[in-house]
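2 protein chains.
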Amino acid sequence: MTWIEKARKALSNGSVIVLAGRCIIHYEGRAASKLGEGERLVIIKKDRSILVHRPTGHEPVNWQPKKSKIEFGEEDDAKIIRATRGNELLKIYFLEEPEVVVFDLLDDAEFEMYASEAEMKEAVLLEPNLVEDGFTPFQEERRAGRVGRVDVFGIDREGKLTVVELKRKSANEEDVNQLRRYLEVLGQEFGRKPRAILAAPSVTRTAASLLKTSGIDFKCLTPKTCMEVLRKKRGLDFHV
Amino acid sequence: MTWIEKARKALSNGSVIVLAGRCIIHYEGRAASKLGEGERLVIIKKDRSILVHRPTGHEPVNWQPKKSKIEFGEEDDAKIIRATRGNELLKIYFLEEPEVVVFDLLDDAEFEMYASEAEMKEAVLLEPNLVEDGFTPFQEERRAGRVGRVDVFGIDREGKLTVVELKRKSANEEDVNQLRRYLEVLGQEFGRKPRAILAAPSVTRTAASLLKTSGIDFKCLTPKTCMEVLRKKRGLDFHV
DNA sequence: ACTTTTATTTCGCCG
DNA sequence: CGGCGAAGTAAAAGT
Chain A
1 MTWIEKARKA
11 LSNGSVIVLA
21 GRCIIHYEGR
31 AASKLGEGER
41 LVIIKKDRSI
51 LVHRPTGHEP
61 VNWQPKKSKI
71 EFGEEDDAKI
81 IRATRGNELL
91 KIYFLEEPEV
101 VVFDLLDDAE
111 FEMYASEAEM
121 KEAVLLEPNL
131 VEDGFTPFQE
141 ERRAGRVGRV
151 DVFGIDREGK
161 LTVVELKRKS
171 ANEEDVNQLR
181 RYLEVLGQEF
191 GRKPRAILAA
201 PSVTRTAASL
211 LKTSGIDFKC
221 LTPKTCMEVL
231 RKKRGLDFHV
Chain B
1 MTWIEKARKA
11 LSNGSVIVLA
21 GRCIIHYEGR
31 AASKLGEGER
41 LVIIKKDRSI
51 LVHRPTGHEP
61 VNWQPKKSKI
71 EFGEEDDAKI
81 IRATRGNELL
91 KIYFLEEPEV
101 VVFDLLDDAE
111 FEMYASEAEM
121 KEAVLLEPNL
131 VEDGFTPFQE
141 ERRAGRVGRV
151 DVFGIDREGK
161 LTVVELKRKS
171 ANEEDVNQLR
181 RYLEVLGQEF
191 GRKPRAILAA
201 PSVTRTAASL
211 LKTSGIDFKC
221 LTPKTCMEVL
231 RKKRGLDFHV
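Take a look at the structure:
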C-alpha cells in the first residue's frame with residue numbers, strides 16, 4: 001500500500017495519522033511562512049486538523065485547525081499534503097516517501113480544568129476568609145429542599161445565616177436564577193431568606209444587574225486561588 | 001526491550017518519541033486538571049517538552065514546555081510518565097503498555113515568517129513608495145566593493161543617489177555599522193557618500209542613536225507589508 | 001534575567 | 001457572526 005492509500009484510508013477511518021520525514025513547508029493565509037528542508041512530524045487528527053511539529057519547541061511550527069480540507073498527492077518526486085481552510089493554505093512537500101504511522105484512538109473522557117467546584121468548596125471550608133472576613137461555614141452538607149445542593153452554608157461576621165454559591169467559571173444569568181430558587185426554598189424553610197453570596201471568577205453584565213436587584217452579594221473567587229489555598233493547607237505533596 | 005528502556009534510550013539519543021495508548025492524565029501547577037480514561041498520543045521532543053494530544057482538537061490537552069524533567073516508571077500495573085518543571089507536574093498513567101514509536105529528526109532550517117529579505121526587496125522594486133514617496137530604484141544588482149551586496153540602489157525624489165538596506169527584523173547596532181561600511185566603500189567609488197535609508201520593522205535604541213549620528217534615515221517597513229504588496233501585485237495565486 | 005509585546009494566537013461568552 | 005477578555009497562554013523582543 002502506498003503512503004497515499006494508507007493516509008487516505010486512515011483519514012476516512014477516523015484514525016489519527018503521524019507522518020515523519022524530510023520536508024519543506026509553505027503557509028499562506030492571514031500571514032505567510034516558509035520552512036526549508038528538515039525532518040518533522042506531521043499529525044493529522046480525525047477532525048481533519050493538522051499539525052507540523054519540529055523536533056524541538058512545544059508549539060507547532062505550522063498548523064491548520066479542524067475541518068480543513070486535507071489532500072494527498074504527488075508532483076514529480078515530491079509527496080504532497082495540502083490542507084486548505086477558507087483562503088488559508090498549508091502545503092507540505094515531502095522530499096522522500098514519509099513514514100506513516102496510524103493510530104486508532106477512542107477518547108470520550110471529560111476534561112476538568114482547575115479545581116472542580118468540589119475542590120473550591122474544600123478550599124472555602126479550610127479557609128473561609130476566601131469568601132469574606134469573619135465568615136464561618138458549617139462543615140456538614142445542606143440540601144435546599146429538593147431543588148438542589150447548597151455549596152456552602154454558614155454564618156457571616158454579623159451572625160447572619162449565609163448561603164454561598166460557588167462557580168468555576170464566570171457566572172451568568174442562569175447561575176443567579178438558580179441561586180434565587182435556592183433562596184426561596186430556604187426562605188420558606190427558615191421563615192426568612194438567608195443572605196447570599198455568589199463566589200465566582202467573574203459575572204456577566206446581565207448576571208451582575210440581576211445580582212443587584214436580587215440583593216445578592218458577589219465575591220471574586222477563582223479556582224486558581226482555591227487551588228493555592230488547598231496546596232498550602234494540604235502541603236506541597238501532589239495527591240495524585 | 002521494555003517500553004521504558006525504549007523511551008529512555010530514545011530520549012538520551014535526542015530522538016522524538018510518540019507514545020500511544022489508553023491513559024489517565026493529571027496536571028497540577030499554576031492550575032490543575034484531570035482527564036479520565038481515554039486513548040491519546042503523547043509526544044516527547046528532544047528538548048524534553050511534552051505534549052498530550054487527544055484524537056481531536058488542534059491544541060494539546062495537556063503539556064509541559066521544554067527543559068522539563070521527564071521520568072518513566074511503573075506503579076503496580078500502571079506505566080507512568082512524570083514531567084516536572086518548577087512546581088508544575090504533569091503525570092500520565094498508561095493503563096496498558098503504550099505503543100512507542102521513535103523518530104530521529106534532524107531539522108536546522110530557519111523558519112521565515114512573512115516575506116524573506118529577498119521578497120522584501122522584490123516588493124520594494126515593485127512598489128518603491130514603500131521606502132519613500134518618489135523613490136526610483138535601479139532594477140539591477142549592485143555590489144559595494146568586496147564588502148557585500150547592496151539591497152536596493154536608486155535615486156530619491158530630489159535626484160540624490162540613495163542606498164536602501166532592508167532588514168526583516170528589528171535593526172541593531174551591527175546592522176547600522178555594516179551599512180556604514182558599505183557607505184564608505186561607495187563613497188570612495190562615487191567620490192561622495194550616497195544618501196542611505198535603513199528600512200526595517202524597527203530599530204533598537206542604540207541603533208537609533210547611531211543612525212542619527214551617521215546621518216542615515218530610517219523607514220519603518222515590515223515583511224508583512226511587503227507580503228501584502230507582493231500578493232496584490234502578483235495576484236492571489238499561491239506561487240508555491 | 002526580567003519585563004513587555006505578539007500571535008495564522010485559541011477559546012469562551014456576550015450581544 | 002463580530003467583539004471582548006482570558007490563557008497553565010508560549011515565544012520573541014527589548015531592557
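Read top to bottom, the protein sequences are chains A and B.
Mapping the first sequence onto our numbering, position 12 (from 1) lands on 12, and the numbers just tick up by one.
Mapping the second sequence onto our numbering, position 16 (from 1) lands on 16, and the numbers just tick up by one.
Ideal Cβ positions, reconstructed from N, Cα and C, are used throughout, including at glycine.
Treat the numbers as computed from the prediction; the structure is a model and nothing was measured.
Please name the residue or residues paired with residue i in a DSSP beta bridge.
{"i": "residue 136 of chain B", "result": "B:155"}
{"i": "residue 100 of chain A", "result": "A:19"}
{"i": "residue 213 of chain B", "result": "Paired residue(s): none; residue 213 of chain B is not in a bridge."}
{"i": "residue 28 of chain B", "result": "B:32 and B:89"}
{"i": "residue 220 of chain A", "result": "A:200"}
{"i": "residue 42 of chain A", "result": "A:19 and A:52"}
{"i": "residue 62 of chain A", "result": "A:52"}
{"i": "residue 171 of chain B", "result": "B:203"}
{"i": "residue 165 of chain B", "result": "B:198"}
{"i": "residue 83 of chain B", "result": "B:70 and B:90"}
Can you pull the chain B residues whose beta carbon is under 7 Å from the beta carbon of residue i, in chain order?
{"i": "residue 161 of chain A", "result": "Near residue 161 of chain A there are no residues of chain B at all, since even the closest Cβ is about 32 Å away, more than 7 Å."}
{"i": "residue 55 of chain A", "result": "16, 45, 46, 105 and 107"}
{"i": "residue 51 of chain A", "result": "58"}
{"i": "residue 227 of chain A", "result": "31 and 32"}
{"i": "residue 61 of chain A", "result": "111"}
{"i": "residue 115 of chain A", "result": "32"}
Name the chain B residues whose beta carbon is nearer than 9 Å to that of residue i?
{"i": "residue 123 of chain A", "result": "Ordered by position in chain B, no residue passes the 9 Å Cβ test against residue 123 of chain A, which lies about 12 Å from the chain."}
{"i": "residue 233 of chain A", "result": "Ordered by position in chain B, no residue passes the 9 Å Cβ test against residue 233 of chain A, which lies about 15 Å from the chain."}
Could you list which residues in chain A have their beta carbon closer than 7 Å to that of residue i, in chain order?
{"i": "residue 77 of chain B", "result": "Per Cβ cutoff of 7 Å: no residues; residue 77 of chain B is ~17 Å from chain A at best."}
{"i": "residue 112 of chain B", "result": "33 and 34"}
In the structure shown, what three-state DSSP assignment does residue i receive?
{"i": "residue 69 of chain B", "result": "strand"}
{"i": "residue 227 of chain A", "result": "helix"}
{"i": "residue 120 of chain B", "result": "helix"}
{"i": "residue 110 of chain A", "result": "coil"}
{"i": "residue 78 of chain B", "result": "strand"}
{"i": "residue 125 of chain A", "result": "helix"}
{"i": "residue 191 of chain B", "result": "coil"}
{"i": "residue 183 of chain B", "result": "helix"}
{"i": "residue 207 of chain A", "result": "helix"}
{"i": "residue 130 of chain B", "result": "helix"}
If the cut is a Cβ gap below 9 Å, which residues of chain A does residue i touch?
{"i": "residue 38 of chain B", "result": "105, 106, 107, 108 and 109"}
Mind reading off the beta-carbon distance from residue i to residue j? Whole number of angstroms is fine, and I expect it under 8 Å.
{"i": "residue 17 of chain A", "j": "residue 7 of chain A", "result": "6 Å"}
{"i": "residue 99 of chain A", "j": "residue 19 of chain A", "result": "7 Å"}
{"i": "residue 10 of chain A", "j": "residue 102 of chain A", "result": "4 Å"}
{"i": "residue 138 of chain A", "j": "residue 154 of chain A", "result": "6 Å"}
{"i": "residue 37 of chain A", "j": "residue 95 of chain A", "result": "7 Å"}
{"i": "residue 183 of chain B", "j": "residue 203 of chain B", "result": "In fact, because the Cβ distance is near 17 Å, the residues do not count as touching under 8 Å."}
{"i": "residue 34 of chain B", "j": "residue 14 of chain B", "result": "Wrong, their Cβ atoms sit about 32 Å apart, outside the cutoff."}
{"i": "residue 88 of chain B", "j": "residue 168 of chain B", "result": "That belief does not hold up - the Cβ atoms of residue 88 of chain B and residue 168 of chain B are roughly 35 Å apart, past 8 Å."}
{"i": "residue 209 of chain A", "j": "residue 180 of chain A", "result": "Contact flag wrong, Cβ pair sits at about 13 Å."}
Under 8 Å Cβ-Cβ, which residues of chain B neighbour residue i?
{"i": "residue 6 of chain A", "result": "Within chain B, no residue comes near residue 6 of chain A; the closest Cβ sits about 15 Å away, beyond 8 Å."}
{"i": "residue 224 of chain A", "result": "30 and 31"}
Can you pull the chain A residues whose beta carbon is under 8 Å from the beta carbon of residue i, in chain order?
{"i": "residue 65 of chain B", "result": "58"}
{"i": "residue 41 of chain B", "result": "16, 18, 43, 103 and 105"}
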